[in-house]
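Participant: Got a structure for you, written out below as structure tokens; questions coming shortly.
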Amino acid sequence: MNLQNEITDSTLLLRNVNVTRYVTPLREGGSLPAIVEADDQFLYVLKFRGAGQGTKALIAELVGGEIARRLGFRIPEIVFANLDSAFGKIEGDEEIQDLLKASTGLNLGLHYLSGAITFDPLATPIDPLLASKIVWLDALLLNVDRTARNTNLLWWHKELWLIDHGASLYFHHSWNDWENPKRLFPNVKDHVMLPKASMIDAVNEEMSSVLTPSLIETIVGTIPDEWLNDPFFESPALTRKAYVQFLQTRIANSIFFVNEANHARKSLI
């Protein structure tokens, strides 16, 4: 896996699509995502702004996914997906109807990997280098949702794909201690790849160097203003600035979460 650091311009353009057909709910997801068809004729896994965690989950999905992509991981294309109010009027299931009505407007879609299978770490061995890079990424993002119970990894066309980063950046649900550069991430002990991640120290410098301050600003800059109406801050601009500050500070102090991950791994082996 080669790190992708070719993004040097000041903009990162995500496509906009319009949802044309609600296909089926994915009921295994806590936020009730769904497979939908868009006006470009592709299928997407749609994450709804009207779900339980609201736009916070969409922000985490967008930022976490695009950071992972710049680090060279396989990530389904992320698009902005517009949902018309008409969908909530024709759906028969009352729960889904309420979700659709609450999600009118701009949502987030991920290209649907048709035929992909859930990654089984026992059936498909992963080398220590890749395992270490995945652990590093999730420690940076505070991603609590890459465990043996739910890997959020797919095997598609003989390649490993990372999905579902909506549980990342969980500090933004309360903004508690968000400015602390030494913020702990105890959940790293449950990471599905941690037992094999023997090269976290070796990948730290390479991974950190790709995520330059300007690239973080570019990625965070893609968050729509309408998703940034957080009561903790006075304006969307200040909320956006906080995300940038958190990520830039955590990357600059990556040695703290690297040491934490290494310590957790030693307790396992």
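Mapped onto the UniProt record's numbering, the consecutive letters of the sequence shown carry residue numbers 1 to 269.
Yeah, the Cβ is synthetic: ideal placement off N, Cα and C, and Gly gets one too.
In this text the structure is predicted, and so the values were computed from the model without any measurement.
Using three-state DSSP, classify threonine 218 as helix, strand or coil.
Facilitator: Helix at threonine 218.
Participant: Closer than 6 Å by C-beta to tryptophan 156: which residues in its own chain qualify, once you throw out the five before and the five after it? Chain order, please.
Facilitator: Result list for tryptophan 156: Leu113, Ala116, in chain order.
Participant: Per DSSP, leucine 160 is paired with what?
Facilitator: Answer by DSSP bridge pairing, in chain order: Trp155.
Participant: By the 10 Å Cβ neighbour count, where 16 or more other Cβ atoms means buried, how is valine 188 classified, buried or exposed?
Facilitator: Its Cβ being crowded by 16 or more others within 10 Å, valine 188 is buried.
Participant: Check for me: the beta strand (DSSP E) holding leucine 106 runs from which residue to which?
Facilitator: Looking at the DSSP string, the run of the beta strand (DSSP E) that includes leucine 106 is 105–111.
Participant: For histidine 165 versus alanine 60, is the C-beta distance shorter than 7 Å?
Facilitator: Contact: yes.
Participant: Would you say leucine 106 and phenylalanine 80 are within 7 Å of each other, going by their C-beta atoms?
Facilitator: Going by C-beta atoms, leucine 106 is nearer than 7 Å to phenylalanine 80.
Participant: Buried or exposed: which applies to tyrosine 243, given that a residue is buried once 16 or more other Cβ atoms fall within 10 Å of its Cβ?
Facilitator: Per the 10 Å Cβ criterion, buried.
Participant: Report yes or no: do three or more beta-carbon pairs, one from the region 35–50 and one from the region 15–24, lie closer than 8 Å?
Facilitator: Output reads yes: the region 15–24 touches the region 35–50.
Participant: Figure out for me which residue from Glu66, Arg149, Ala264, Trp175 has the closest Cα to the Cα of isoleucine 223.
Facilitator: Nearest of Glu66, Arg149, Ala264, Trp175 to isoleucine 223, Cα basis: Glu66.
Participant: Enumerate, from N- to C-terminal direction, the unbroken beta strand (DSSP E) stretches of 3 or more residues contained entirely within the region 157–241.
Facilitator: Complete beta strand (DSSP E) runs here, min 3: 159–162.
Participant: If you compare alpha carbons, which of Thr147, Leu43, Ile200 is closest to histidine 191?
Facilitator: Nearest of Thr147, Leu43, Ile200 to histidine 191, Cα basis: Thr147.
Participant: Under a Cβ-count criterion, where at least 16 other Cβ atoms within 10 Å of its own Cβ denotes burial, should leucine 141 be classed as buried or exposed?
Facilitator: Buried is the call here.
Participant: Does glycine 221 pass the burial test, meaning 16 or more other C-beta atoms within 10 Å, or should it be called exposed?
Facilitator: Classification for glycine 221: exposed.
Participant: Glycine 54: which of Phe73, Pro76, His172, Val144 sits nearest, CA to CA?
Facilitator: Nearest C-alpha to glycine 54: His172.
Participant: Roughly how many angstroms separate the alpha carbons of asparagine 204 and proline 213, rounded to a whole number?
Facilitator: If you take the alpha carbons of asparagine 204 and proline 213, they lie about 16 Å apart.
Participant: May I ask you to report which of helix, strand or coil DSSP gives arginine 49?
Facilitator: If DSSP states are grouped into helix, strand and coil, arginine 49 belongs with coil.
Participant: The ligand GTP and phenylalanine 185: does the residue's C-beta get closer than 6 Å to at least one heavy atom of that ligand?
Facilitator: Because no ligand of any kind appears in the structure shown, any question about the ligand GTP cannot be addressed here.
Participant: Can you tell me the Cβ-Cβ gap for alanine 123 and alanine 197, rounded? I've got them flagged as a contact below 8 Å.
Facilitator: Going by Cβ atoms, the distance from alanine 123 to alanine 197 rounds to 19 Å, so no, they are not a contact pair.
Participant: Touching or not, the region 120–138 and the region 68–84, by the rule of three or more beta carbon pairs under 8 Å?
Facilitator: Contact holds: three or more Cβ-Cβ distances are below 8 Å.
Participant: Tell me, please, whether the CB atom of leucine 215 is closer than 7 Å to any CB atom in chain C?
Facilitator: Absent from the structure: chain C. Only one protein chain is present.
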